[in-house]
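Accompanying notes for the structure given below.
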Amino acid sequence: MHFQWYPGHMTKAKRMMEENIKLIDLIIELVDARVPLSSRNPEIDNLGKNKSRLVLLNKSDLADEKYNDEWMQYFKSKGYFVVKVNARNGNGIKQVNSAVMEACKEKIERDRKRGILNRPVRAMVVGIPNVGKSTFINSFAGKACTKTGNKPGVTKGKQWIKLNKNVELLDTPGILWPKFEDQTVGLRLAFIGSIKDEILNVDELALELIKFLREYYPGVLKTRYEIEEVDNDAEILAQIAKVRGCVSKGEEIDYSKAAALFIEDFRSGRLGRITLEFPEKEE
Ligand code: G4P
-15 MHFQWYPGHM
-5 TKAKRMMEEN
5 IKLIDLIIEL
15 VDARVPLSSR
25 NPEIDNLGKN
35 KSRLVLLNKS
45 DLADEKYNDE
55 WMQYFKSKGY
65 FVVKVNARNG
75 NGIKQVNSAV
85 MEACKEKIER
95 DRKRGILNRP
105 VRAMVVGIPN
115 VGKSTFINSF
125 AGKACTKTGN
135 KPGVTKGKQW
145 IKLNKNVELL
155 DTPGILWPKF
165 EDQTVGLRLA
175 FIGSIKDEIL
185 NVDELALELI
195 KFLREYYPGV
205 LKTRYEIEEV
215 DNDAEILAQI
225 AKVRGCVSKG
235 EEIDYSKAAA
245 LFIEDFRSGR
255 LGRITLEFPE
265 KEE
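In terms of my numbering, the sequence shown opens at residue -15 and continues consecutively.
Here it is in structure tokens:
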């Protein structure tokens, strides 16, 4: 699902979020482990103040394990509960269950002290488009859980998935709008495919990614494509084009085709596990 974000969309998404947040105690926020900050919208902190917070580093299979651990520490140090997951194959999903219970403990205890018993804690999944919200809800809620229909008068029109006797999950995720103001953020979101490729210059995007990889992951391009990592991004793209057969009969190099293939290699993990932003630089 790719969106173009216009002010109208943002206003609508924000309004929906505000409405739904009123109904819940815990926010399960998905971020992309390759860009854990660029794939967030910090406004969620404002919208979700007074709520319990759990951050999931999703697509952790595509990100560098070393930085996954550093980002876990980063979010913990900011007071979030945090789990790294792979919503696609289910890795880490069990830990999410215990983290949810842990994050809700306080709430359950507070209710108990006030004499409120058996009121389930309610949670909702939020995140920017394409971060894996639907995939996560499917693998987390799975088939074992039963949907509790609408409860007239209380949660009209809302579907809740009963995770266990204490916790219910809103079945539709909250969509956060990415924040594009910053050029670097926009670029990182483009790398992971969260901005429509049609509105991007794919050649430039590829050159930027080559530049990044040469600096932070030297040797990756050489190993993957068996090319020389020369000090010239365009020359590297030309080499990739030749290796990937993006050359016309007249020996002309099809840079755009090569760029698109290369970006796809990155997005699908064929270049290996790569993180695009690092916690120590973001403090
Ligand atoms: P959304 O609801 O937040 O918009 O995201 P959605 O679940 O639709 O997931 C977007 C894409 O990300 C999907 O791929 C999904 O399979 C993939 N994905 C989700 N979680 C993970 C993960 O932990 N690891 C990896 N590697 N991929 C993940 P797609 O190509 O759009 O669809 P499909 O090929 O899976 O059908």
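All C-beta atoms in this analysis are idealised placements derived from N, C-alpha and C, irrespective of residue type, glycine included.
- Per the C-alpha coordinates, the member of 69, 259 and 245 positioned closest to residue 224 is 245.
- Rounded to the nearest angstrom, the gap between the Cα atoms of residue 229 and residue 252 is 19 Å.
- The beta carbons of residue 107 and residue 68 sit no closer together than 8 Å.
- By the Cβ-count criterion, residue 218 is exposed, with fewer than 16 other Cβ atoms from all chains shown falling within 10 Å of its own Cβ.
- The alpha-carbon of residue 148 is positioned some 31 Å away from that of residue 54.
- The beta carbons of residue 5 and residue 35 sit closer together than 8 Å.
- Between residue 114 and residue 177, the gap from beta carbon to beta carbon is short of 8 Å.
- The beta carbon of residue 26 sits no closer than 7 Å to any heavy atom of the ligand G4P.
- Under the 10 Å beta carbon count, residue 70 is surrounded by 16 or more other beta carbons and is classified as buried.
- For residue 30, the secondary structure class from DSSP, reduced to helix, strand or coil, is helix.
- For residue 165, no beta strand (DSSP E) run applies, since DSSP gives it neither H nor E.
- Taking a C-beta distance under 8 Å as the contact criterion, residue 87 and residue 10 qualify as a contact pair.
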